[in-house]
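Asker:
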Amino acid sequence: MPANQVIFHSHHVIEQDVFRDHLLLKKLTEHGMIDEHASTNRLYLPVDGKLADALETSPHRGRTRSSYTEGVSDFLNRLEESDIGQAALDDDQVALRETLNNSP
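Numbered by the UniProt record's numbering, the letters in the sequence shown go through residues 1 to 104 in order.
1) Going by CA-CA distance only, name the one from I7, K26, F8 that's closest to V14.
2) Would DSSP call S66 helix, strand or coil?
3) Is the beta carbon of H9 less than 8 Å from the beta carbon of L51?
4) Rounded to a whole number of angstroms, what is the C-alpha to C-alpha distance between P59 and N101?
5) Say the cut is 7 Å; is the CB of K26 nearer than that to a heavy atom of the ligand FAD?
6) Hey, out of H31, T57, L43, G49, whose CA is closest to D90's CA?
7) Return the Cβ separation of T69 and V18 in integer angstroms, given the expectation that the two are a contact with Cβ distance under 8 Å.
8) With a threshold of 16 other CB atoms inside 10 Å of the CB of residue 106, please say whether the residue is buried or exposed.
Put into C-alpha coordinates, the structure is as follows:
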(Lines of atoms letter the chains of each structure in order from A and count residues from 1; the text may use other names and numbers.)
(Lines give C-alpha, C1' and ligand atoms only; values in the text may rest on other atoms or scores of the structure.)
Protein backbone atom coordinates (compact mmCIF):
# COMPACT_ATOMS: atom_id res chain seq x y z
CA MET A 1 0.00 0.00 0.00
CA PRO A 2 1.50 3.38 -0.98
CA ALA A 3 2.50 5.60 1.94
CA ASN A 4 0.27 8.44 0.73
CA GLN A 5 -2.89 6.33 0.43
CA VAL A 6 -5.60 7.12 2.98
CA ILE A 7 -6.79 4.02 4.83
CA PHE A 8 -9.24 5.65 7.29
CA HIS A 9 -11.79 8.45 6.85
CA SER A 10 -13.36 10.48 9.63
CA HIS A 11 -17.10 9.95 9.93
CA HIS A 12 -19.65 11.79 12.11
CA VAL A 13 -21.27 9.51 14.70
CA ILE A 14 -24.34 11.76 14.72
CA GLU A 15 -24.73 13.02 11.18
CA GLN A 16 -24.60 16.70 10.28
CA ASP A 17 -28.15 16.53 8.89
CA VAL A 18 -29.43 15.30 12.25
CA PHE A 19 -27.67 18.19 14.00
CA ARG A 20 -29.20 20.59 11.50
CA ASP A 21 -32.74 19.22 11.80
CA HIS A 22 -33.18 18.15 15.43
CA LEU A 23 -34.43 20.77 17.90
CA LEU A 24 -32.79 19.28 20.98
CA LEU A 25 -29.38 19.03 19.32
CA LYS A 26 -29.75 22.62 18.12
CA LYS A 27 -30.50 23.70 21.69
CA LEU A 28 -27.51 21.82 23.10
CA THR A 29 -25.29 23.35 20.40
CA GLU A 30 -26.67 26.82 21.12
CA HIS A 31 -25.66 26.41 24.78
CA GLY A 32 -22.19 25.13 23.86
CA MET A 33 -22.87 21.71 25.37
CA ILE A 34 -22.28 19.68 22.22
CA ASP A 35 -20.32 20.21 19.01
CA GLU A 36 -21.07 18.24 15.89
CA HIS A 37 -17.42 18.39 14.79
CA ALA A 38 -15.85 17.49 18.16
CA SER A 39 -13.67 14.40 18.40
CA THR A 40 -16.35 12.79 20.58
CA ASN A 41 -18.65 12.82 17.55
CA ARG A 42 -16.09 11.36 15.15
CA LEU A 43 -15.25 7.80 14.24
CA TYR A 44 -12.49 6.68 11.89
CA LEU A 45 -13.65 3.99 9.50
CA PRO A 46 -11.51 2.05 7.04
CA VAL A 47 -11.89 2.96 3.37
CA ASP A 48 -11.09 -0.52 2.11
CA GLY A 49 -13.77 -3.18 2.50
CA LYS A 50 -11.24 -5.97 3.16
CA LEU A 51 -9.65 -3.99 5.98
CA ALA A 52 -13.11 -3.26 7.38
CA ASP A 53 -13.90 -6.99 7.33
CA ALA A 54 -10.63 -7.77 9.11
CA LEU A 55 -11.47 -5.17 11.77
CA GLU A 56 -15.10 -6.36 11.91
CA THR A 57 -16.45 -2.88 11.22
CA SER A 58 -18.24 -1.04 8.44
CA PRO A 59 -16.21 0.59 5.70
CA HIS A 60 -16.53 4.33 5.15
CA ARG A 61 -18.76 4.90 2.14
CA GLY A 62 -19.53 8.60 2.60
CA ARG A 63 -23.03 7.99 3.90
CA THR A 64 -24.70 6.36 6.87
CA ARG A 65 -27.15 3.48 6.68
CA SER A 66 -30.71 4.75 6.87
CA SER A 67 -31.53 2.25 9.64
CA TYR A 68 -28.78 3.77 11.80
CA THR A 69 -29.98 7.33 11.15
CA GLU A 70 -33.56 6.30 11.93
CA GLY A 71 -32.43 4.71 15.20
CA VAL A 72 -30.52 7.83 16.26
CA SER A 73 -33.47 10.05 15.31
CA ASP A 74 -35.92 7.81 17.19
CA PHE A 75 -33.76 7.96 20.32
CA LEU A 76 -33.46 11.75 20.09
CA ASN A 77 -37.20 12.14 19.49
CA ARG A 78 -38.02 10.07 22.59
CA LEU A 79 -35.53 12.11 24.62
CA GLU A 80 -36.97 15.37 23.30
CA GLU A 81 -40.52 14.27 24.16
CA SER A 82 -39.56 13.34 27.74
CA ASP A 83 -40.02 15.77 30.64
CA ILE A 84 -36.26 16.42 30.70
CA GLY A 85 -36.20 17.05 26.97
CA GLN A 86 -39.10 19.48 27.14
CA ALA A 87 -37.45 21.37 29.99
CA ALA A 88 -34.20 21.48 28.01
CA LEU A 89 -36.02 23.03 25.07
CA ASP A 90 -37.18 25.74 27.52
CA ASP A 91 -33.51 26.48 28.33
CA ASP A 92 -33.52 24.75 31.74
CA GLN A 93 -29.78 24.40 32.45
CA VAL A 94 -30.15 21.34 34.68
CA ALA A 95 -32.33 19.61 32.09
CA LEU A 96 -29.87 20.48 29.32
CA ARG A 97 -27.07 18.75 31.27
CA GLU A 98 -29.33 15.81 32.10
CA THR A 99 -30.11 15.18 28.43
CA LEU A 100 -26.41 14.45 27.94
CA ASN A 101 -26.42 11.84 30.73
CA ASN A 102 -29.78 10.12 30.43
CA SER A 103 -31.81 8.16 27.98
CA PRO A 104 -35.60 8.31 27.83
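Glycine residues also receive a C-beta, built at the ideal position from the N, C-alpha and C atoms. This structure is a prediction, so every number in the text was calculated from the model and none was measured.
Answerer: Quick answer:
1) With the sequence shown as reference, residue 14 is identified as Ile, and Val is not the correct amino acid for it. Nearest C-alpha to I14: K26.
2) helix
3) no
4) 29 Å
5) Looking for the ligand FAD in the displayed structure turns up nothing, as the structure carries no ligands at all.
6) H31
7) 7 Å
8) The chain is shown only over 1 to 104; residue 106 falls outside these bounds and no answer can be derived.
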